[in-house]
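For reference, the structure discussed in these notes is given below.
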Amino acid sequence: MKFMNIKNSFKALTFAAYAAAVCSAFINTASAQSVEQLQQLRERAQQSQSGAATPSVSPLSISTQRTLPGASASANTMGQFSTQPRNGVNLPGEPTIDTVFPAQAPMENPPFAANLFIGGFESERSSGLNDNYLIAPGDKISIWLWGAVNFSDVVTVDNQGNIFIPNIGPIRIANTPAGSVNQTVTGKIRQVYTNDVNVYVNLLTSTPVSLYVSGPVLRPGQYAGLASDSVLYYLKRAGGIDFQRGSFRQIDIVRNGKVVASADLYAFFRSGKLPEISFKDGDTILVHPIGNTIVVETGARNSFTFEFLNEELNGGVVNYFARPGEFASHASVSGIRNNKQFARYVSVEEFASLKLSAGDTVEYIADHEPQIYRINVAGAFAGASQVMVDKGARLIDVLDHIEADTTLSDTQNIYLLRESVAVKQKEIIEEGLQRLERSMYTAPISSTGEGAIRAQEAQLVADFIARARQVEPQGRVVVSENGEIANILLEPNDTIVIPEVTDLIHVGGEVLLPQSVVFNPDATTEDYVAWAGGFTERAEDERILIVRKNGNVTFTSVNDSFLSSNDSKLEPGDQIIVLPAIDTKILQAVKDITQIVYQIAIAANVATD
1 MKFMNIKNSF KALTFAAYAA AVCSAFINTA SAQSVEQLQQ LRERAQQSQS GAATPSVSPL
61 SISTQRTLPG ASASANTMGQ FSTQPRNGVN LPGEPTIDTV FPAQAPMENP PFAANLFIGG
121 FESERSSGLN DNYLIAPGDK ISIWLWGAVN FSDVVTVDNQ GNIFIPNIGP IRIANTPAGS
181 VNQTVTGKIR QVYTNDVNVY VNLLTSTPVS LYVSGPVLRP GQYAGLASDS VLYYLKRAGG
241 IDFQRGSFRQ IDIVRNGKVV ASADLYAFFR SGKLPEISFK DGDTILVHPI GNTIVVETGA
301 RNSFTFEFLN EELNGGVVNY FARPGEFASH ASVSGIRNNK QFARYVSVEE FASLKLSAGD
361 TVEYIADHEP QIYRINVAGA FAGASQVMVD KGARLIDVLD HIEADTTLSD TQNIYLLRES
421 VAVKQKEIIE EGLQRLERSM YTAPISSTGE GAIRAQEAQL VADFIARARQ VEPQGRVVVS
481 ENGEIANILL EPNDTIVIPE VTDLIHVGGE VLLPQSVVFN PDATTEDYVA WAGGFTERAE
541 DERILIVRKN GNVTFTSVND SFLSSNDSKL EPGDQIIVLP AIDTKILQAV KDITQIVYQI
601 AIAANVATD
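Just so you know, my numbering puts 185 at position 185 of the sequence shown, and the rest follows in order with no gaps.
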């Protein structure tokens, strides 16, 4: 019966809609000014009639122009309320660290203990409960009774700090340590059930607390965690302390307007000490502004920016935290005193008693005058490869302490490898390369065709310069000539090279088959070049480089007679380096290029083509 009434009602609604459409058409007809307009009105009425009858009407599908955010999947999600944590994602238009903080250059010496905030205090959390955690309202406790009485339930601590057990009554356990919950509840139950009842009580969950982090931190605000979490956990949640403005030494926990505990991160970093406190709702972790700072720039294991209390501003405390290196002998201190520049250079012992001021800069320096040198030995020798000598030692004095086999060691052609000479050779080559670059890029151009040629030449020269800069000179020092050895003063880290006795002549550079050839006293330079396959097309046969076994260098050509002069006579162990020829028709600044090629060949015994 009810179904028939609803069906009749739907028919009445459909007829009413049709009547309304007809009436609307009639009203519009009265105001029409032409036959075309009347025809359009009839078509609209028919469309309204057919549109109203086609869809099935349901009281649950009511069309409306008002929509709630999130009611449609295609609706814009901007501004919707979400119950899920944002996980650090910023909302559109929300201030960020980049927009709030002014742009700052990276600190060369970051604050001491700054790496605490890259630790796992936020993510690496213990799943267990702290025995010192104090029970708070909302905590859940599991209780089991068995024996004469059986009971099992999970109870919740109410707002008054009590739990309720049937036949026992309320038991107050608020502010009871988690490790004492079993003992406290069991004692109350034993007062009622004295015999044949076993009791087990366990704290299941702890209620999170919400506290505030304020002061010079990156993201101050309200954060939730466990009451047993450390102060470092909440500081990490707040982004850590601002290095430029925040203090690592003065961090207070404020409760009801009073300081209940203080934290010193230096004490934690050095000895692992943190305040033992159980946080409560509404607590505030307040980071104070940064205090007195001392910057230790270099020479220490801990080259950081340190924050010290007023009574700690002395060199002894800086030595304790900075830990200068073993060889540090002096400390350089610079700062401001009474609006005037202040600077001191004292020994580490004197620095320990020096009074410092906020803003001072300290450098530790190893200012020991070296009295003992290390000399390296290479080549054909017997014994140790390093010799420690006193300052001022000379070559002959050291050679007396080096064992050598006279049948295998060529003691007549000893030479040195010296670091300072290698550096100087590198500087000379670099100066020549820079001069070559200037001559190429600043050369005048008289025509377009010449400009194109100069551009190609510049590219070729640039490639040559790039390869030439990769050459590392040996720093060879010639100290022997005709069997006599110069008794020169040695420098730290010199290398004494004793060549091996050999029967070979080494041929390299612009030859077809660079190789080593057995020494022949009757052979000439042309013979050795021929045995190496002869010259290449790019070889310079007029100036051939001869590097002697002792490091000395001479030049010759295929037309010279080596038998005519003892100075140009080849000896076993010599190197013949055929240098490349430079086409004077193509390249500019041929003199500079040739000079650089000779310098590289002499300094490193290689030919750069």
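Cβ coordinates follow ideal geometry from the N, Cα and C atoms, glycine included.
Item to check | aspartate 397 (DSSP reduced to helix, strand or coil) | outcome: Counted from its first residue, the sequence shown places residue 397 at position 397. In this structure, aspartate 397 counts as helix in the three-state DSSP scheme.
Checklist entry - Cα-Cα, which of Phe269, Ala343, Lys280 and Asp503 is closest to asparagine 175? => result Taking the sequence shown and counting its residues from 1, one reaches residue 175 at position 175. Closest option to asparagine 175, Cα to Cα, is Lys280.
Next on the checklist: Just list the residues that DSSP pairs methionine 388 with in beta bridges.
Outcome noted: Taking the first residue of the sequence shown as 1, we reach residue 388 at position 388. Arg374, per the DSSP bridge assignment.
Checklist entry - Fully enclosed by the region 293 to 346, which alpha helix (DSSP H) runs are 4 residues long or longer? => result 315 to 322
Next on the checklist: So if DSSP puts alanine 261 in a beta bridge, which residue, or which two residues, is it bridged to?
Outcome noted: Numbered from 1 along the sequence shown, position 261 holds the residue referred to as residue 261. In DSSP, alanine 261 forms a bridge with Ile253.
Item to check | Outcome for lysine 585 when other beta-carbon atoms lying within 10 angstroms are tallied against a minimum of 16 | outcome: Position 585 of the sequence shown, counted from the start, is the residue given in the question as residue 585. Any reading at lysine 585 must be qualified, since the residue scores a pLDDT of 48, below 50, and its modelled position is unreliable; the value itself is stated next. It counts as exposed.
Checklist entry - According to the Cβ coordinates, are proline 220 and valine 213 closer than 8 Å? => result Position 220 of the sequence shown, counted from the first residue, corresponds to residue 220. Position 213 of the sequence shown, counted from the first residue, corresponds to residue 213. Yes. Within cutoff.
Checklist entry - When the Cα of alanine 352 is compared with those of Ser332, Tyr193, Thr442 and Glu481, which residue comes out closest? => result Here the question's residue 352 lines up with position 352 in the sequence shown. If we check each option's Cα against that of alanine 352, Ser332 comes out closest.
Item to check | Those runs of the alpha helix (DSSP H) which lie wholly inside the region 209 to 253 and span at least 4 residues | outcome: 231 to 237
Item to check | Limits of the beta strand (DSSP E) - the one that isoleucine 135 falls within | outcome: What you label residue 135 is simply residue 135 of the sequence shown in a count that begins at 1. Isoleucine 135 -> no beta strand (DSSP E), and no H or E assigned at all.
Item to check | Three-way DSSP call (helix, strand, coil) for aspartate 541 in this model | outcome: Mapped onto the sequence shown, residue 541 falls at position 541. Residue state, collapsed to three classes: strand.
Next on the checklist: In the DSSP output, which residue or residues are listed as bridge partners for glutamine 183?
Outcome noted: As a working note, residue 183 is residue 183 in the sequence shown. Bridge partners of glutamine 183: none, in fact.
Checklist entry - Quick check: the region 305 to 325 against the region 138 to 147, are there 3 or more CB pairs under 8 Å? => result no
Checklist entry - Can you tell which of Asp153, Val181 and Ala136 has its C-alpha closest to the C-alpha of asparagine 159? => result Position 159 of the sequence shown, counted from the start, is the residue given in the question as residue 159. Asparagine 159 has its Cα closest to that of Ala136, out of Asp153, Val181 and Ala136.
Checklist entry - Which term fits threonine 442, buried or exposed, when burial requires 16 or more other beta carbons within 10 angstroms of its beta carbon? => result Here the question's residue 442 lines up with position 442 in the sequence shown. Exposed: under 16 other Cβ atoms inside 10 Å.
Next on the checklist: Please classify methionine 440 as buried or exposed, where buried requires at least 16 other C-beta atoms within 10 Å of its C-beta.
Outcome noted: Numbered from its first residue, the sequence shown carries residue 440 at position 440. Buried, since its Cβ has 16 or more Cβ neighbours within 10 Å.
Next on the checklist: Taking 8 Å as the threshold (C-beta atoms), are leucine 417 and alanine 380 in contact?
Outcome noted: Working through the sequence shown from its first residue, we reach residue 380 at position 380. Working through the sequence shown from its first residue, we reach residue 417 at position 417. No.
Checklist entry - What is the DSSP secondary structure of phenylalanine 535, counted as helix, strand or coil? => result Your numbering for residue 535 matches position 535 in the sequence shown. In this structure, phenylalanine 535 counts as strand in the three-state DSSP scheme.
Checklist entry - In terms of DSSP beta bridges, what is tyrosine 200 paired with? => result If you number the sequence shown from 1, residue 200 lands on position 200. Per DSSP, Trp144.
Next on the checklist: Considering Cα atoms alone, identify which of His401, Arg454 and Ile375 is closest to glutamate 419.
Outcome noted: Here residue 419 corresponds to residue number 419 of the sequence shown, with the count starting at 1. Considering only alpha carbons, the answer is Ile375.
Checklist entry - From tyrosine 233 to alanine 227, what distance separates their C-alpha atoms? => result Mapped onto the sequence shown, residue 233 falls at position 233. Mapped onto the sequence shown, residue 227 falls at position 227. If I take the Cα positions, the gap works out to 11 Å.
Checklist entry - If you draw a straight line from the alpha carbon of glycine 282 to that of arginine 249, how long is it in whole angstroms? => result Mapped onto the sequence shown, residue 282 falls at position 282. Mapped onto the sequence shown, residue 249 falls at position 249. Each residue's alpha carbon lies about 23 Å from the other.
Next on the checklist: Contact defined as beta carbons within less than 8 Å: I believe serine 347 pairs with histidine 330. What is the distance between those atoms, to the nearest angstrom?
Outcome noted: Position 347 of the sequence shown, counted from the start, is the residue given in the question as residue 347. Position 330 of the sequence shown, counted from the start, is the residue given in the question as residue 330. Rounded, the Cβ-Cβ distance is 6 Å, consistent with contact.
Checklist entry - For isoleucine 488, which residues from the same chain have a beta carbon less than 7 Å from its beta carbon, with the 5 sequence-adjacent residues on both sides left out? => result Within the sequence shown, the letter at position 488 stands for residue 488. The residues are Arg394, Leu395 and Val479.
Checklist entry - From proline 110 to isoleucine 372, what does the alpha carbon distance come to, in whole angstroms? => result For this step, residue 110 is matched to residue 110 along the sequence shown. For this step, residue 372 is matched to residue 372 along the sequence shown. Their Cα atoms are separated by approximately 37 Å.
Checklist entry - How many Å lie between glutamate 349 and alanine 358 at the Cα? => result Counting from one through the sequence shown, the residue named residue 349 turns up at place 349. Counting from one through the sequence shown, the residue named residue 358 turns up at place 358. Using only the alpha carbons, I get a separation of about 21 Å.
Next on the checklist: With three or more beta-carbon pairs closer than 8 Å as the criterion, would you say the region 178 to 187 touches the region 243 to 259?
Outcome noted: no
Checklist entry - By Cβ distance below 8 Å, which residues in the same chain neighbour serine 516 in space, the five residues on each side in sequence not counted? => result Within the sequence shown, residue 516 is the residue found at index 516, counting from 1. Contacts found: Leu504, Ile505, His506 and Val507.
Item to check | Proximity of isoleucine 576 and threonine 525 at Cβ, strictly below 8 Å | outcome: Here residue 576 is taken as the residue at index 576 of the sequence shown, counted from 1. Here residue 525 is taken as the residue at index 525 of the sequence shown, counted from 1. Result yes, Cβ atoms of isoleucine 576 and threonine 525 sit closer than 8 Å.
Checklist entry - What residues are listed by DSSP as bridge partners for leucine 286? => result Here residue 286 refers to the residue found at position 286 when the sequence shown is read from its first residue. Beta-bridge pairing links leucine 286 to Ser214 and Asp252.
Next on the checklist: Rounded to whole angstroms, what is the Cα-Cα separation between valine 231 and isoleucine 285?
Outcome noted: Taking the sequence shown and counting its residues from 1, the one referred to as residue 231 is at position 231. Taking the sequence shown and counting its residues from 1, the one referred to as residue 285 is at position 285. Distance between the alpha carbons of valine 231 and isoleucine 285 is about 8 Å.
Checklist entry - When we look at the beta-carbon of lysine 391 and count the other beta-carbons within 10 Å, is it buried (16 or more) or exposed? => result Locating residue 391 in the sequence shown gives position 391, where the first residue counts as 1. With fewer than 16 other Cβ atoms within 10 Å, it is exposed.
Item to check | Sequence-distant residues of its chain with Cβ nearer than 6 Å to tyrosine 200 (five each side left out) | outcome: The residue given as residue 200 occupies position 200 in the sequence shown. Trp144, listed in sequence order.
Checklist entry - Among the residues of its own chain, which have a CB less than 6 Å from the CB of serine 34, if the five just before and after it don't count? => result Along the sequence shown, read from residue 1 onward, the residue named residue 34 stands at position 34. Its pLDDT being 49, under 50, serine 34 is placed unreliably in this model, and the coordinates cannot settle the point.
Item to check | Contact set for phenylalanine 243: own chain, Cβ-Cβ below 7 Å, skip 5 residues either direction | outcome: Stepping through the sequence shown from its first residue, residue 243 is reached at position 243. The answer, listed in chain order, is Met107, Pro110, Pro111 and Ala114.
Next on the checklist: Is the beta carbon of valine 157 closer than 8 Å to that of isoleucine 173?
Outcome noted: Numbered from 1 along the sequence shown, position 173 holds the residue referred to as residue 173. Numbered from 1 along the sequence shown, position 157 holds the residue referred to as residue 157. Yes. Within cutoff.
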